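K.L.:
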Amino acid sequence: MTDSTAQGPHPSPVRVRFAPSPTGALHLGGARTALFNYLFAQHHGGKFILRVEDTDRERSTEESVSGIFDGMNWLGLEWDEGPFYQSHRMERYLEAADRLLAEGKAYRCDCSPDDLETRRKAALAAGLPPRYDGRCRDRNLPADTPHVIRFKNTRTGDVVVRDLIRGDVVFDAAVLDDLVLIRSDRTPTYNFAVVIDDADMAISHVIRGDDHINNTPRQILLFAALGSPLPQFAHIPMIHGTDRTKLSKRHGATSVTAYREMGYLPDAMVNYIVRLGWSHKDQEIFSRRELIDLFDLDHVGSSPSIFNPEKLLWLNAHYMKNTPGIDLLPPVIPFLPALVDPLFSGAPDSGPYADYLVRAIDEWKGRTRTLVELGESLPPFLDRHFPYHPDLSKKGLNQESLPILKELLTRIGSLTTWDHDTLSQLLRSLTEEKGLKLGQVASPLRGALTGQTVSPGIHEVLLLLGQQESLARIRRAIRSLEEGGNP
RNA sequence: GGUCCCAUCGUCUAGUGGCCCAGGACGCUGGCCUCUCACGCCGGAAGCACGGGUUCGAAACCCGUUGGGACCA
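Position one of the first sequence corresponds to residue 901 (the numbering used here), numbered consecutively onward.
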């Protein structure tokens, strides 16, 4: 295996993590972060760890947790370890904070929010940065008074984030605050819990959204204070909506499972989001195997990208067309409408019904872009009672076509073989004898067979429906024309 | 407001100093194929934000400007 990261061979086994806060569904940005972590782990033969950052009990919900798992499963992003929950590790954070306290690397602080606010404003007014002034640093407050635990930050020098995607990002330590590690209610803050977890889980590479890059210098200092080895960092750019702001609910469907409901295939989704920020030369289509073989951090771009639903649609159409009908059957079943007079009885997932459906899917899948469209196209082939499209008389299914339909009824009825060549020859000789173009026969026939103005090729439609059903449908159209003028 | 990041067609991107008066893809568009609709194929319009450097040479390196974004407050 070749190593492709900027900093040479990994000194330790590759262990990456996806660490969502369960405060909503798995959205496109989160899914891409998870995907990049998954692919990186797979590529390097490492481990992909799932960690639920649910320390915010107010905003975290069970629904979000299961929604995130659901989304990851749908996309096929299997994790090797976890899920771990931060809410189950509260004792661990307290213990780590106590150790820092004992080592003089942290201190208790009882400044009230009001005090803090007053001093912050005063600092601002005096033209100073509005950070914590360190009042409690050396007070050695007793443990039995209400307090927060703050990190005793270094105040001089630079903190350099050696980012695999952005290069070195330099922060002035003086602008970093004495950040709170443990709140007065004994819960850990985000930055503290993350560092403890990443250290405990021996994470080798932190691959996450670049909305976290400003947190990184603080985290680096915490790793150092803890005496834990520093992981490598890779901050990937955000995905934006069309208005170029961070993707959120305002931009419409942003959860990945919403796309499942809209009839998208998980492989198309994966292929789309992997190309948002990552590329391999000019290649657009990647199999899962290729992704694992080719993925690297070197070719992750550094500018944010905008979600483009049109391209996702195109990719989905591509995957629909290139997926065997048999594999499209299970996912399309939920999109089939209820039928009035079905050709088959029973469930559509097995037996002759399933066999027929697979053939119908194979005829249609190249003309539909989503499972929703596919599901909508199938009913005329599954149901004897379909309506006639209002444009059909214009398209040729009208009084003038009556003789042709009757001729078709006779000739098709007398066939003893039923294959593409026979049907093709039948239609060819009929058009030649009558001096017609194929369209003048195919169009009314299509209307009679399907009630639709568009369909797969006329021979394929006949083959699919079978001789008896085709004849029944032609008879129905003739009757309807004779009785009602137009169908 | 502070800190940090970003900047190639409308969008996703290739590009790691000469192969680029910039390549691919989506979308748009002209045509071909054709029984309908798609698919497919061939063609077209469309971009290096701006200004300075560095260099024999800059989309690429540096500085600045402008614009955008994220985080914190």
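Just so it is clear, CB atoms sit at the ideal spot from N, CA and C, and this is done for glycine as well. Here the structure is a predicted model, which is why all the values come from computation and not from measurement.
Looking at C-beta atoms only, is the number of pairs between the region 1042-1053 and the region 1000-1011 that lie closer than 8 Å three or more?
P.N.:
Yes, they touch.
K.L.:
Please report how far the alpha carbon of F848 lies from the alpha carbon of V1106, in whole angstroms.
P.N.:
Outside the modelled stretch of the chain, which goes from 901 to 1387, sits residue 848, for which no answer is possible.
K.L.:
Unbroken beta strand (DSSP E) runs of length 3 or more, entirely within the region 938-992: which are they?
P.N.:
List check, beta strand (DSSP E) in window: 947-952, 981-985.
K.L.:
Taking 8 Å as the cut-off, is the beta-carbon of Y1288 closer than that to any non-hydrogen atom of the ligand ZN?
P.N.:
Within the structure as shown, the ligand ZN is missing, as the structure has no ligands at all.
K.L.:
Following the continuous beta strand (DSSP E) through V1069, name the residue where it begins and the one where it ends.
P.N.:
Its beta strand (DSSP E) spans residues 1067-1072.
K.L.:
Sorted by chain position, which residues of the same chain lie with C-beta nearer than 7 Å to T902's C-beta, five sequence neighbours on each side aside?
P.N.:
Because T902 carries a pLDDT of 29, less than 50, the predicted location of this residue cannot be relied on, and the following value inherits that uncertainty. Excluding residues within five positions, none has a Cβ falling inside 7 Å.
K.L.:
CA-CA distance, E1263 and A1247?
P.N.:
C-alpha separation (whole angstroms): 21 Å.
K.L.:
If R1118 and L1079 are in contact, beta carbons under 8 Å, what's the gap, nearest whole angstrom?
P.N.:
At roughly 6 Å, the Cβ-Cβ gap stays under 8 Å, so R1118 and L1079 are in contact.
K.L.:
Can you give me the start and stop residues for the alpha helix (DSSP H) that V1272 sits inside?
P.N.:
First-last of the alpha helix (DSSP H) with V1272: 1271-1277.
K.L.:
Comparing C-alpha positions only, which one of L1064, S964, H943, G929 sits nearest to V1200?
P.N.:
V1200 has its Cα closest to that of L1064, out of L1064, S964, H943, G929.
K.L.:
May I have a chain-ordered list of the alpha helix (DSSP H) segments no shorter than 4 residues that lie completely inside the region 1289-1362?
P.N.:
The qualifying runs are 1302-1313, 1320-1334, 1338-1350.
K.L.:
By how many angstroms is the C-alpha of Q1299 removed from the C-alpha of K1306?
P.N.:
If you take the alpha carbons of K1306 and Q1299, they lie about 12 Å apart.
K.L.:
So, with DSSP's three-state summary, where would you put S1380?
P.N.:
In this structure, S1380 counts as helix in the three-state DSSP scheme.
K.L.:
Applying the 10 Å Cβ sphere with the 16-neighbour rule, what's the burial state of N1222?
P.N.:
It counts as exposed.
K.L.:
Could you check whether R932 and I1103 sit closer than 9 Å to each other, using their CB atoms as the reference points?
P.N.:
No, these two residues do not count as a Cβ contact at 9 Å.
K.L.:
Pull up the distance between the alpha-carbon of A1342 and that of L1326, whole angstroms please.
P.N.:
Near 12 Å, if we compare the C-alpha coordinates of L1326 and A1342.
K.L.:
Tell me, to the nearest whole angstrom, how far the beta carbon of A1006 is from that of I1049; I am working on the premise that it is less than 8 Å.
P.N.:
So it is a contact: roughly 5 Å between Cβ atoms.
K.L.:
Classify I1120 as helix, strand or coil using the three-state DSSP reduction.
P.N.:
Three-state result, I1120: helix.
K.L.:
Tell me whether H851 sits in a helix, a strand or coil according to DSSP, three-state version.
P.N.:
There is simply no residue 851 to check, as the chain begins at 901 and stops at 1387 in what is shown.
K.L.:
DSSP three-state label for F1281, please.
P.N.:
F1281: helix per DSSP, three-state reduction.
K.L.:
Are the Cβ atoms of V1240 and L1271 separated by less than 9 Å?
P.N.:
Against a cut-off of 9 Å, the Cβ pair of L1271 and V1240 comes out as no contact.
K.L.:
Between which residues of its own chain and V1258 is the CB-CB distance below 7 Å, once the five residues before and five after are set aside?
P.N.:
Closer than 7 Å at the Cβ level, and outside the excluded window around V1258, lie G1225, I1226, L1229.
K.L.:
What is the DSSP secondary structure of Y1253, counted as helix, strand or coil?
P.N.:
Note: Y1253 maps to helix in three-state DSSP.
K.L.:
Check whether the region 1089-1102 and the region 1184-1192 are in contact - that is, three or more C-beta pairs closer than 8 Å.
P.N.:
Contact fails: fewer than three Cβ-Cβ distances are below 8 Å.
K.L.:
So, helix, strand or coil for F918, using DSSP?
P.N.:
Strand at F918.
K.L.:
Go to Y1032, then tell me how far its alpha helix (DSSP H) extends in each direction, as first and last residue.
P.N.:
Taken as a continuous stretch (DSSP letters only), Y1032 belongs to no alpha helix (DSSP H), as it is neither H nor E.
K.L.:
Among I1139, G1339, P1303, L1236, which has the Cα closest to the Cα of R899?
P.N.:
Nothing about residue 899 can be reported from this structure: the residues present for the chain run from 901 to 1387 only.
K.L.:
When the distance is taken between beta carbons, is G1357 closer than 9 Å to K1295?
P.N.:
Going by C-beta atoms, K1295 is not nearer than 9 Å to G1357.
K.L.:
Can you tell me whether R1269 is buried or exposed, with buried defined as 16 or more other CB within 10 angstroms of its CB?
P.N.:
Buried.
K.L.:
State whether the region 1170-1185 contacts the region 927-943, with contact taken as three or more CB pairs (one from each stretch) at a distance under 8 Å.
P.N.:
The region 1170-1185, when compared against the region 927-943, does touch it at the 8 Å Cβ threshold.
K.L.:
Roughly how many angstroms lie between the CA atoms of L1381 and N1208, to the nearest whole one?
P.N.:
Cα to Cα, the separation comes out at about 47 Å.
K.L.:
According to DSSP, is P1046 helix, strand or coil?
P.N.:
DSSP places P1046 in coil when its eight states are reduced to three.
K.L.:
DSSP three-state call for P1231: helix, strand or coil?
P.N.:
Reduced to three states, the DSSP call for P1231 is helix.
K.L.:
Going by DSSP, name the residue or residues bridged to K1146.
P.N.:
Bridge partners of K1146: H1140.
K.L.:
On a Cα-Cα basis, can you pick out the residue from L1215, G1109, M1138 that is closest to P1204?
P.N.:
Closest option to P1204, Cα to Cα, is M1138.
K.L.:
For V945, count neighbouring C-beta atoms within 10 Å of its own C-beta (all shown protein chains included) and say buried if the count is 16 or more, exposed if not.
P.N.:
Contrary to the premise, residue 945 reads as Gly rather than Val in this sequence. Its Cβ having fewer than 16 others within 10 Å, G945 is exposed.
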